Amino acid sequence: MKARRAWRLLTYVLLVLGAIFAVLPLYWLFSATFKLPSEAMGYPPTFFPQNPTLRNFGTLLFKSEFGFKSYLNSLVISTGATLISTVSAMLAGFGFSRFRFPLKNHLFLFILLLQMVPLLAVIIPLYKLYSLYGLYDTRIGLMVVYAVRTVSMNTWLLKGYFDTIPVEIEDAALIDGCSTLQVFSRVTFPIAAPGVAAATIFAFFRSWNEFMIAMTLTSTVRPYTVELYRFLGEHGEVDWSLLGTASFIAIVPVLVLFSFFQKYFVVGLAGGALKE
Amino acid sequence: MRKRARNIVTGYLLILPAVALLILLLVYPLVQAVYLSLHEFKLTSLSQQTYVGLKNYAKIFSYEGPNFFTQVLSATFYFVGGSIAGQLGLGLAMALLVNQRWVKAKQIFRSIFILPWVTSAIVIAISWRFMYEPRLGILNYMLVSLGVTDLPGWLNDLNLVIPCLIVANTWHGTAFSFILQTAGLQSIPYNVYEAAMVDGAGPGQRFRYVTLPLMRPFIMINLVLISMYTVNFFDLIYAMTNGGPLYKSEVIAVFLYHQAFEYGHMGIGAAAAVLILIINLVLTVIYMRLTRGQAVERK
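Residue numbers (the numbering used here), protein chains in the order written: chain A, 1159 to 1434; chain B, 737 to 1035.
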C-alpha cells in the first residue's frame, strides 16, 4: 500500500515537472513581452516582470521596423489555404467514399503516398515554377501550396468520416423528397461535422506555422513567421523584449483557439497516423 | 447502365480538385526535381539549364566545405538519432504516466504537453535561442547561481550545438509521440490487464508482458514517422544556428537550402533534394510494411 502511494506521488511530481518543462521556454520568452528592455536584457534575469508594462506593444507597432502587416498576411493566407484544402478534401473524401469508378483504389493510395513527400524536396522546382508563372510573392501562390501540404491527409480523414455514415440514411432522405444537395447539406455534412472541424483546424495550424516555403516564395507579402525571422536576423543586438512581444501576438491567439478545439485536433492527428 | 456512367463521372469530378492540386504542385515538381538534379542550373538564370549528367551528385560527394559524409550526413544522423531517442522515450514515458487510470486532470496535462507542438518552429527557435543566450539566457544564469565559473557557449560551442538542437527539437516534438502512444495505450482493452492481474502479474510484469508487446507496432510506426519528420525538418536548425558553427549543424535539409538559395547552385540543391527523397522513400517503404503488419494483427 505504501509503495503504491509513493508511486502515485512520484507520478504527479513527474507530471508537474513535465508540464513546467513544456511551458518554461515559452514562458521565458513571453515574460519578456511585459518587461522593459532594460529589465529583459539586464542582469540578473528576472523570472517575473518587476514592473509589468504594455509599452512593448506600442514600441513594436509604432517605433520598430517590424511589419505588422505580416499578421494580416498570415491570416489571409492561412484562411485561404484552409478553405482550399478542406473543401477539396471534402469533395474528394465524399467521392472516394460514395462512388465507384475505375482506378479508385489506386488513386486513393496514390494520394496517401503523396503525404510522405516533403515539400523541402520540391522547393527548388516550386521556386522556378512560381518565378516563371507570376506566382512568386503572391498570397494566392502560398495558399495553394499550403493547401497541398494538408489536402491528402484531410481527404483521407474525411473519407473515413463519410465511410462511417450509412448510405441508408441518405437513401431515406432521398425517398423523403430531398435533392442530392439537400441530402449532403442536411444529413451527411452535419454527421461528418467533427471530421470537417478536425480537417479545418489541422489545415489552419499547418499553414499558420509554416516558415520555409514562405521564406522562399515571398518577398513582400511575407507572413509573420518570415517577418519574425528577419527581425531576429537584422539586428546585431537582438531586442528580446520586442521579439517576445511579436511572437506573443502571433502565438497566443492560436494557443487560446487551440485549447478550445484541442479535442478535434488530436482526433485528426492520431487518426492520421494510425487508421488504415 | 446510364446511372453507372453518371456515377463514374461524378466520382471523378469530386476528386478532381484535390488530385489537380497534388499533381500540379507536388507530382510535377517532384519529376522536375529529378530532372533538374541532372542539370547545371543557376538561381540567377532560371530558364537556362544544361545537361551535366551525374556531375551534381559527384560535386556533393566530393565537397570539402562541408564534407557530405563526415559532416552533413553525420550531423543529420546525430540530430535525427538524438531526437528519436528523446521524443520517443519521453513521449512514451509521459503517455504511460498520464494514462494510468487513477490520474486526475488528464485533460489539463495533455493540453499543456501539446503546447510546444502547436507552436511555430520559428517561435520555438527564438525562445530556445533566448534560453541558450550566453549572457542573458536563463541557463547560464542558473549555472552561475550554482557556482559554475566555466560557462558553456551552448549554440556557439562546437560539441554542444547538436545536443542543444536535439533538446529543443525534443521539447517541440515529444507531444507527437505522446499523442500517438496515448492512442496506442487506449487501444489496449482493460480486461487484458485484469486477466494478467488475476494470473498474479505485478506492475512490472504487466508492463513487460502485456503493455510492451501490444505497444510494439505503435512504437515502430512512431519511430519511422519521427525519423521522416526530423530528416525533413528545416525551420528549427535554420533559425537557431543556420548550420553553424563551422558546419557542425549543417544537416542535409539546411545543406540543400544553402546550396540552392544562398550559393545559387540550384542543380546541386536539386541533387540534394533527390537524396532526401531517397531517404524518405526508404522510410515510407518501412512504414508501409509496418502498418500492413499492424492491420493483419488486428484482424
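Every residue gets a Cβ at the ideal spot worked out from N, C-alpha and C, and that includes glycine. Here the structure is a predicted model, which means the values were calculated and not measured.
The C-beta of residue 774(B) comes no closer than 8 Å to any C-beta of chain A. Taking 8 Å as the CB threshold, residue 1203(A) lines the interface with chain B.
Only residues of its own chain outside the window of five on either side were considered, and among them 1266 and 1317 have a CB closer than 6 Å to the CB of residue 1254(A), listed in chain order. DSSP places residue 1226(A) in the coil class of the three-state scheme, outside both helix and strand.
Of the candidates 927(B), 934(B), 818(B) and 940(B), the residue whose Cα lies closest to the Cα of residue 905(B) is 818(B). DSSP places residue 786(B) in the strand class (E or B) of the three-state scheme. Between the C-alpha atoms of residue 1417(A) and residue 849(B) there is a straight-line separation of about 12 Å. For residue 1387(A), the chain B residues whose C-beta falls within less than 7 Å of its own C-beta are 858 and 975, listed in chain order. Around the CB of residue 940(B), fewer than 16 other CB atoms lie within 10 Å, so the residue is classed as exposed.
Within a 10 Å sphere around the beta-carbon of residue 742(B) sit fewer than 16 other beta-carbons, which makes this residue exposed. Per DSSP, the beta-bridge partners of residue 781(B) are 778(B). Between residue 1201(A) and the set 979(B), 876(B), 789(B) and 952(B), the nearest pair of CA atoms involves 876(B).
The beta carbon of residue 812(B) sits closer than 7 Å to those of 967, 987 and 988, all from its chain and outside the five residues before and after it, given in chain order. Within its own chain, the residues whose Cβ lies closer than 6 Å to the Cβ of residue 861(B), once the five positions on either side in sequence are excluded, are 972, 975 and 976, listed in chain order.
Contacts with chain A at 8 Å (Cβ-Cβ) include residue 762(B).
Counting along the chain, the unbroken alpha helix (DSSP H) around residue 1363(A) starts and ends at 1347-1367. If you draw a straight line from the Cα of residue 787(B) to the Cα of residue 912(B), it is about 43 Å long. Cβ proximity to chain B below 7 Å picks out 1199, 1202 and 1203 from the region 1189-1220 of chain A. When DSSP reads this structure, residue 1001(B) sits in a beta bridge with 778(B). Look at residue 811(B): its C-beta is not under 8 Å from any C-beta on chain A. For residue 1319(A), the closest of 1385(A), 1292(A), 1344(A) and 1349(A) by C-alpha to C-alpha distance is 1349(A). In this structure, the CA atom of residue 1314(A) is about 7 Å from the CA atom of residue 1270(A). The three-state reading of DSSP puts residue 893(B) in coil, since its state is none of H, G, I, E or B. Spanning the alpha carbons of residue 944(B) and residue 1002(B) requires a straight line of approximately 51 Å. For the C-beta of residue 1184(A), the chain B residues within less than 9 Å are, from N- to C-terminus, 851, 852, 855, 859, 860 and 863. The beta carbon of residue 1242(A) sits closer than 7 Å to those of 1301, 1302 and 1305, all from its chain and outside the five residues before and after it, given in chain order. The residue from 921(B), 961(B) and 931(B) with its alpha-carbon nearest to that of residue 948(B) is 921(B). In the DSSP assignment, residue 867(B) falls within the alpha helix (DSSP H) that extends over 857-868.
Looking at the backbone, the Cα of residue 843(B) and that of residue 1281(A) are separated by about 38 Å.
In the structure shown, the three-state DSSP call for residue 1415(A) is helix.
Note on geometry: alpha-carbon atoms of residue 1284(A) and residue 1179(A) lie some 38 Å from one another. Using a Cβ-Cβ distance cut-off of 8 Å, the region 1323-1343 of chain A and the region 1370-1388 of chain A are not in contact, since fewer than three pairs of beta carbons, one from each stretch, lie closer than that value. Excluding its 5 nearest sequence neighbours in each direction, residue 979(B) has C-beta neighbours in its own chain below 6 Å: 985, 986 and 990, listed in chain order. Nearest CB-CB separation between residue 1269(A) and chain B: below the 8 Å threshold. In its chain, beyond the 5 residues on either side, 898 have a beta carbon closer than 7 Å to the beta carbon of residue 814(B).
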